[in-house]
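Numbering (the UniProt record's numbering), first residue to last: 1 to 459.
Written out as structure tokens, the structure is:
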């Protein structure tokens, strides 16, 4: 599966797929290949064969045989194999797959121009993929094939199928093969033992890499095998406190915080700067008047905060809404205040983007962040709940949303751009940010060392 691109900075070794195939494809009919090789018993796949024999046959038919029949060219298994680092066994390499598909693409384009029978070839290719999809599903639950070696072979078959479907649909969009449901990974629940072998194998690989069960389920429900294998390779540097042993398939609790022990953090651990605060009573008054409190940050002569009101649809008050993970230390359950170093950091991130608003040379920025704009204190509970209820409006009315997440800021631009930009980011821990932002701004943004990265379109 090493034809799946590797994100920049990834040092993760590709999944080892053992070479077990022994049968060469004979081009005498793809669907009848199992019959010719004695793997059909009473009209069905012979499940009495040993797991080794079934896995070897699956690889011969649904991997090497499929590549041969799809490209209409014989496949030399030796071109797809290499020796394991220990030298004790052979593994499958798919590095040449895209070169082979490029040659197939050129041949089919020439055929389309020169031969009136090209549609027959295309129809045969489409039927081939449908046959292979259905055949691969027959191996999903076979007893004995849940062993990691066999499951890796099954996963390589699924990934190959997604790749070939992509190649077919890219070349022939007018007669596209619509198998979206197959391309998605079947997923029912984290503990479901009835998951297909390749899905369970991929899940375990992600868990071994420290992924949250809730995030695994989320991306497996949304993406295909190929995409998830790519995402798994992105270096993920979560904070040290993020441990997912108590997370479930539906809830991530690694970033939950306790207000009684919460500590607001400085940009640097040894920093002892004072806090910059806003008047909670002024925030309360603005909210009670049905408006949105914003904070104007100015850098001259130093970080200075001023609370200003805005109404929904007021284009003169254009602002950026901030979303952050409280566990990263940018919250404050005791007062509407943040360390001056954090205020300066936010200003440094946002002020270079002022050209978006046509304010060249300005030294101030309007923001909304819950730590400063949602009142703190027991006597303001009712207004606090009112402010929380209007968060959807806050994000929808913002010009942009800035996501401050320590695990996201470990990513560099090439790692993000390697994946489809119109797809949601790999992180996915901030589900509620996506929900609140969806009605409004065109893009969700991420800042990395003062450079703006567009993460995904919300429309």
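Positions of the beta carbon are idealized from the N, C-alpha and C atoms, including for glycine.
Would residue 462 pass as a contact of residue 151 if the rule is Cβ separation under 8 Å? The question about residue 462 has no answer, for the chain in this structure spans 1 to 459.
Tell me the DSSP secondary structure of residue 5 in three-state form. The sequence position of residue 5 within the chain shown is 5, counting from 1. If DSSP states are grouped into helix, strand and coil, residue 5 belongs with coil.
Check whether the stretch 36-46 and the stretch 251-271 are in contact - that is, three or more C-beta pairs closer than 8 Å. no
Going by C-alpha to C-alpha distance, which of 248, 260 and 393 sits closest to residue 313? By 1-based counting over the chain shown, the position of residue 313 is 313. That would be 393, whose Cα lies nearest to the Cα of residue 313.
Closest to residue 249 by CA distance: which of 141, 126, 110 and 207 is it? Numbered from 1 along the chain shown, position 249 holds the residue referred to as residue 249. Closest option to residue 249, Cα to Cα, is 207.
From which residue to which residue does the alpha helix (DSSP H) around residue 69 run? Counting from 1 along the chain shown, the entry for residue 69 is found at position 69. Note, residue 69: alpha helix (DSSP H), 66-71.
Name the one or two DSSP bridge partners that residue 339 has. Against the chain shown, residue 339 aligns to sequence position 339. The partner list for residue 339 (beta bridge, DSSP) reads 275.
If residue 128 and residue 171 are in contact, beta carbons under 8 Å, what's the gap, nearest whole angstrom? Along the chain shown, one-based indexing puts residue 128 at 128. Along the chain shown, one-based indexing puts residue 171 at 171. Actually they are not in contact, since the Cβ atoms of residue 128 and residue 171 sit about 14 Å apart, beyond 8 Å.
Determine the DSSP secondary structure at residue 211, reduced to helix, strand or coil. For the purposes of this step, residue 211 is identified with residue 211 of the chain shown, where counting begins at 1. Residue state, collapsed to three classes: coil.
If we ignore side chains and look at the alpha-carbon of each, how far apart do residue 65 and residue 390 end up? Taking the chain shown and counting its residues from 1, one reaches residue 65 at position 65. Taking the chain shown and counting its residues from 1, one reaches residue 390 at position 390. Taking the straight line from one Cα to the other gives about 58 Å.
Per DSSP, what kind of secondary structure is residue 309 in: helix, strand or coil? What you label residue 309 is simply residue 309 of the chain shown in a count that begins at 1. Residue state, collapsed to three classes: strand.
Where does residue 31 fall in DSSP's three states? Locating residue 31 in the chain shown gives position 31, where the first residue counts as 1. Residue state, collapsed to three classes: coil.
On a CA-only basis, which of 349, 293 and 404 is nearest residue 328? Give me that one, please. In the chain shown, counting from the first residue as 1, residue 328 sits at position 328. Among 349, 293 and 404, the Cα nearest to that of residue 328 is on 404.
If you draw a straight line from the C-alpha of residue 237 to the C-alpha of residue 285, how long is it? Numbered from 1 along the chain shown, position 237 holds the residue referred to as residue 237. Numbered from 1 along the chain shown, position 285 holds the residue referred to as residue 285. Using only the alpha carbons, I get a separation of about 41 Å.
Please name the residue, chosen from 133, 118 and 369, that lies closest to residue 160 on a Cα-to-Cα basis. Here the question's residue 160 lines up with position 160 in the chain shown. Looking at the Cα atoms, 133 is the closest of the given residues.
Please list, in chain order, all residues of the same chain as residue 34 whose beta carbon is under 6 Å from its beta carbon, the five residues on each side excluded. For the purposes of this step, residue 34 is taken as the residue at position 34 of the chain shown. Correct list, in chain order: 40.
Which of the three DSSP states, helix, strand or coil, is assigned to residue 44? Taking the first residue of the chain shown as position 1, residue 44 is located at position 44. Strand, per DSSP.
Can you look up residue 268 in the DSSP assignment and give me helix, strand or coil? Taking the chain shown and counting its residues from 1, one reaches residue 268 at position 268. Three-state DSSP puts residue 268 in coil, outside helix and strand.
Note the first and the last residue of the continuous beta strand (DSSP E) segment covering residue 400. Along the chain shown, read from residue 1 onward, the residue named residue 400 stands at position 400. Note, residue 400: beta strand (DSSP E), 400-404.
Closest Cα partner of residue 88 within the set 119, 69, 19 and 102: Translated into positions along the chain shown, residue 88 becomes position 88. Per the Cα distances, 19.
Quick one, which of 339, 282 and 296 has its alpha-carbon nearest residue 460's? Residue 460 lies beyond the residue range present for the chain, which begins at 1 and ends at 459; the question has no answer from this structure.
Using a threshold of 8 Å, state whether the C-beta atoms of residue 366 and residue 299 are closer than that. On the chain shown, residue 366 is found 366 positions in, with the first residue counted as 1. On the chain shown, residue 299 is found 299 positions in, with the first residue counted as 1. No, these two residues do not count as a Cβ contact at 8 Å.
Can you tell me where the alpha helix (DSSP H) holding residue 51 begins and where it ends? Counting from 1 along the chain shown, the entry for residue 51 is found at position 51. Looking at the DSSP string, the run of the alpha helix (DSSP H) that includes residue 51 is 51-59.
When we look at the beta-carbon of residue 289 and count the other beta-carbons within 10 Å, is it buried (16 or more) or exposed? For this step, residue 289 is matched to residue 289 along the chain shown. Looking at its Cβ environment, which holds fewer than 16 other Cβ atoms inside 10 Å, residue 289 is exposed.
Smallest Cα separation from residue 12: which of 25, 350, 229 and 369? Mapped onto the chain shown, residue 12 falls at position 12. Nearest option by C-alpha distance: 229.
Output needed for residue 14: all residues of its chain with C-beta closer than 7 Å, excluding positions within five of it in sequence on either side, in chain order. To locate residue 14, count along the chain shown from 1; it is residue 14. Closer than 7 Å at Cβ, skipping near neighbours: 1 and 2.
Cutting at 7 Å between CB atoms, please list the residues of its own chain near residue 125, excluding the five before and the five after it. Locating residue 125 in the chain shown gives position 125, counting from the first residue. Closer than 7 Å at the Cβ level, and outside the excluded window around residue 125, lie 70 and 168.
Just the C-alpha distance for residue 68 and residue 94, rounded to the nearest angstrom, thanks. Numbered from 1 along the chain shown, position 68 holds the residue referred to as residue 68. Numbered from 1 along the chain shown, position 94 holds the residue referred to as residue 94. Whole-angstrom Cα-Cα distance: 13 Å.
Excluding the 5 residues preceding and the 5 following residue 325 in the sequence, name in chain order all residues of the same chain whose CB lies nearer than 6 Å to its CB. Numbered from 1 along the chain shown, position 325 holds the residue referred to as residue 325. Counting only Cβ-Cβ distances below 6 Å, and skipping sequence neighbours, we find 255 and 405.
Please state the DSSP three-state secondary structure of residue 22. One-based indexing of the chain shown puts residue 22 at position 22. Correct three-state label for residue 22: coil.
For a test of the three-state rule: what should DSSP assign to residue 176, helix, strand or coil? Translated into the one-based positions of the chain shown, residue 176 becomes position 176. Coil, per DSSP.
Here's a check: name, in chain order, each residue in its chain whose Cβ is nearer than 6 Å to the Cβ of residue 275, leaving out the five neighbours to either side. Position 275 of the chain shown, counted from the start, is the residue given in the question as residue 275. Cβ neighbours of residue 275 beyond the five flanking positions: 337 and 339.
So for residue 297, helix, strand or coil by DSSP? In the chain shown, the residue the question calls residue 297 occupies position 297. In this structure, residue 297 counts as strand in the three-state DSSP scheme.
Pick out whichever of 213, 235 and 164 has its Cα sitting closest to the Cα of residue 8. Looking up residue 8 in the chain shown gives position 8. When each option's Cα is compared against that of residue 8, the closest is 235.
Which residues share a DSSP beta bridge with residue 372? Within the chain shown, the letter at position 372 stands for residue 372. Beta-bridge pairing links residue 372 to no other residue.
Assigned secondary structure, residue 90 (DSSP; H/G/I helix, E/B strand, else coil): Indexing the chain shown from 1 puts residue 90 at position 90. Here residue 90 sits in strand by DSSP.
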